[in-house]
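Data block below; observations after.
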Amino acid sequence: MQILPRPFPIHTTLMLILSGAAPAATAADWPQWRGPASQGVSTETALPTTWSDSSNVAWKAPLAGFGASSPIVVDGLIVTTSQVGSYQSATGEDPRLARDDRSLASRENAIGAGIASTSGKPLELAVEAFRIDTGKPAWTFRMPATGPRPDLHEKHNLATPTPVSDGERIYAWFGNGQLAALDLDGKPVWRHHLGLEHGSFLNQWGHGSSPLLYKDSLILLVDHRPVSYLLSLDKRTGKQRWKVDRGQNRVSHSTPVVVAGPNGDEMIVNSTERVDAYDPTTGELLWHAGSQRQTPIPTAVSHGGTIYMARGYRNSDILAIRSGGRGDVSETHIQYRIPNGGSYVPSILHYQGLLYMTNEVGVVTCADASTGERLWRSRLGGIFFASPVGAAGRVYLLSETGETYVLRAGREAELLATNRIDGRFLASPAISSGRIFLRSDGTLFAIGGREP
């Protein structure tokens, strides 16, 4: 039986926007990591299903450098960050994500592979804005990369955190701790260097967490083995509002997300130690759950008072946690736990009552969100770093090697299209104005508007 697409349930988005958890941007914007409410979901309906290098690409634009950060959309601009220039960091061979499948692992590449090296040139950090309709450059902001340089995994660089915007300013954070608040013309408003001001950014394999906007605050998670903390800054001035010490030996490459709980907003943090929930206004620890997990990367999503998350690393478990607890809620608020099938890097997609997740060797699992019951599992192939997005009754999954698999959202597996663009893709898609925006190592693509 074919499952027809249902209208997107917007309850979660509305709750988050009303609570102040989402940036105050227009409905068409995609202002942060995973979109308006950090859920990876768009309410747009007129989106492309098929494309290729030679068809249905409205425009493409070269970027100043390389990066793994996702594009955001604000006020008619597509904004990306890049590292300009390169440097030698970690020694030895970095582990492959798909190392359990040699045929897939052989297709993985280091960032910028096959492109002329820029090692030896001055290292800069760039924020670029492009016109959404034409792809023409609007402005570029650059600043020298200063301070100690972390050892990086070969698959990403200092431009891994995704910028965020409140519709008035753009906040760009980089993997050495440099942070810049820019106006929509690309002019700096204030800057900080967390690596110099608050301690070491020399995290194993580099920094991955993106900034979070909450009401009038910019919140930054720094879970690095030398130092770990949460920092809240006044978004207009850059002045510190609060800082919470999280101890030593914590690691997280995940981005915090704010969800609406029964007793107020809760900020969810996925780390090696456990899952923590904080009051985003004060930094007070509210509750915690779960046990230790190596190398957490996925970000939580939520719907109807339940938080869904893969903890990360290989063969990850999946948790459904009821919000609103206090203290250790491991025995009281975990609604269910799926012991495997979760993703190493991509975050879960909650869309139309179902959960979608991909593992490191391209196996996609769909489960009923209310019960955790697995509905289907399908092997697409491919290596997934980008998180899936849901829109127009479809699920879009982007592989590192440029294939975007388009599935019909539903309780049965149905592949609608496999679309390939030449390039290496780690960044998650952004959706706005009837187009899907994909970022490869060094190129920005606008997909749509030229349906074959």
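Residue numbers for the sequence shown follow my numbering, beginning at -19 and rising by one. Glycine included, every Cβ here is placed at the ideal spot set by N, Cα and C.
| Asked | Found |
| --- | --- |
| Contact set for L329: own chain, Cβ-Cβ below 6 Å, skip 5 residues either direction | G20, Y336, P368 and G370 |
| Residues that S296 bridges to, as DSSP identifies them | G322 |
| Own chain partners of R230 with C-beta closer than 6 Å, once the 5 adjacent residues on each side are dropped | D203, S208, S251, T252 and E253 |
| Validate contact between the region 43 to 63 and the region 398 to 418 using beta carbons, cut 8 Å, 3 pairs | yes |
| Inside the region 135 to 219 only - alpha helix (DSSP H) runs reaching at least 4 residues | 174 to 177 |
| Candidates D259, G304 and S212, of which the one nearest P242 by Cα | G304 |
| Bounding residues of the beta strand (DSSP E) (the contiguous stretch that carries N399) | L395 to R400 |
| At least three beta-carbon pairs within less than 8 Å, the region 119 to 138 to the region 103 to 110 | yes |
| Spatial distance of F365 from T338 (CA atoms) | 9 Å |
| Three-way DSSP call (helix, strand, coil) for D308 in this model | strand |
| Range of the contiguous beta strand (DSSP E) that encloses G241 | V237 to G241 |
| Whole-angstrom distance between A393 and H172, CA atom to CA atom | 47 Å |
| Helix, strand or coil at G94 [DSSP, three-state] | Note that G94 scores 46 on pLDDT, short of 50, meaning its location in the model is unreliable; the coordinates nonetheless yield the value given after this. In the structure shown, G94 sits in coil (DSSP, three-state: anything other than H, G, I, E or B). |
| Cβ contact (3+ pairs, closer than 8 Å) linking the region 182 to 201 and the region 148 to 155 | yes |
| Rounded separation between S412 and P102 - CA only | 35 Å |
| Contact check, P11 vs V144, beta carbons under 8 Å | yes |
| Through-space distance from E246 to F110, alpha-carbon basis | 34 Å |
| Same chain, Cβ closer than 6 Å to S18, five either side skipped, listed in chain order | V237 |
| Best match in E340, L299 and K215 for proximity to A269 [C-alpha to C-alpha] | L299 |
| C-beta atoms of L434 and V224 nearer than 8 Å | Past the boundaries of the shown model lies residue 434; the chain is included only from -19 to 432, so the question cannot be answered. |
| Endpoints, the beta strand (DSSP E) within which D256 is located | V255 to Y258 |
| 7 Å CB neighbourhood of W170 in its chain, flanking five on each side removed | A161, T217 and G218 |
| Which residues DSSP lists as bridging A41, in chain order | L424 |
| Between the CA atoms of A118 and T262 - distance to the nearest angstrom | 37 Å |
| Nonlocal neighbours in the same chain, by C-beta distance under 6 Å from G284, ignoring five residues either side | none |
| Near the ligand MG: L105 beta-carbon under 7 Å from a heavy atom | As for the ligand MG, it is missing from this structure, which has no ligand bound. |
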